[in-house]
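Chemist: Under mature numbering (1 follows the signal peptide of the UniProt record, and there is no 0), residues -32 to -1, 1 to 110 are what the sequence shown spells out, in order. Before I ask anything, let me first share the structure, which is written out below as structure tokens.
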Amino acid sequence: MSILPRGIQPVRKPLASGLMALALLAPPSAGAQEDTGKEAPAKDPETGFVMADGWKIVKSNCTACHSAKLVTQNHGTRERWAYLIHWMQDTQGLWQFPEDIEDTILDYLAKYHGPKDEYRRQPLPPEARPDNPYKQVTGTSG
Ligand code: HEC
């Protein structure tokens, strides 16, 4: 039964620490599932902005004229956001920013509203869509 020479008692410690190790394995794997929220810090309930570096500057400068949704529903590169900001400054009365403030805003937007391959959902198949009251009846003449 035992491969140990007679007279030598098996040391219990390895078994005990083996069980300890097994017991310790459980919490990290359980914790890993909760970690999925790691990349998603809390969002401001008022605007939906991710409350990360720079968000208050974005909130105070980007929600005066239009809903924050116009910001949060858009995605783009840093260059795209810079273009949009300059467009609003040139044509929509958006004020000028000191360079560091503009950098903070662009860093934030590029990070949390960066480009997405596909941010529009796929259209629903026709049978899953609501009725279209304006649908043309085609194929009949007269
Ligand atoms: C001075 C007013 C004003 C401020 C402040 C302002 N915007 Fe705008 N923004 C506008 C106007 C006007 C439009 C056009 C709205 C429309 O198309 O109905 C617009 C449109 C947009 C659009 C939509 C662009 C598109 O492709 O149609 C985005 C995105 C946007 N703004 C982001 C921002 C961000 C980010 C900030 C903060 C840096 C900001 N806005 C601050 C006036 C402003």
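From the three backbone atoms N, C-alpha and C, an ideal C-beta is built for every residue, glycine too.
(1) Compute the Euclidean distance between the alpha carbons of residue 12 and residue 52, then round it to the nearest angstrom.
(2) For the region 44 to 76, list the beta strand (DSSP E) runs that are entirely contained and at least 3 residues long, ordered along the chain.
(3) Going by C-alpha distance, which of 10, 62, 98 and 93 is nearest residue 34?
(4) Expressed to the nearest angstrom, what Euclidean distance is found between the alpha-carbon atoms of residue 30 and residue 98?
(5) Just to confirm my understanding: we take residue 28, look at its own chain, exclude 5 residues before and 5 after, and list those with CB closer than 7 Å. What are they?
(6) Classify residue 69: buried if its beta carbon has 16 or more other beta carbons within 10 angstroms, exposed otherwise.
(7) Can you tell me whether residue 60 sits near the ligand HEC, meaning its C-beta is under 7 Å from at least one heavy atom of the ligand?
(8) What do you reckon, are the CB atoms on residue 83 and residue 45 nearer than 8 Å?
(9) In whole angstroms, give me the CA-to-CA distance for residue 100 and residue 94.
Modeler: Here's the rundown:
(1) 23 Å
(2) none
(3) 62
(4) 35 Å
(5) none
(6) exposed
(7) yes
(8) yes
(9) 10 Å
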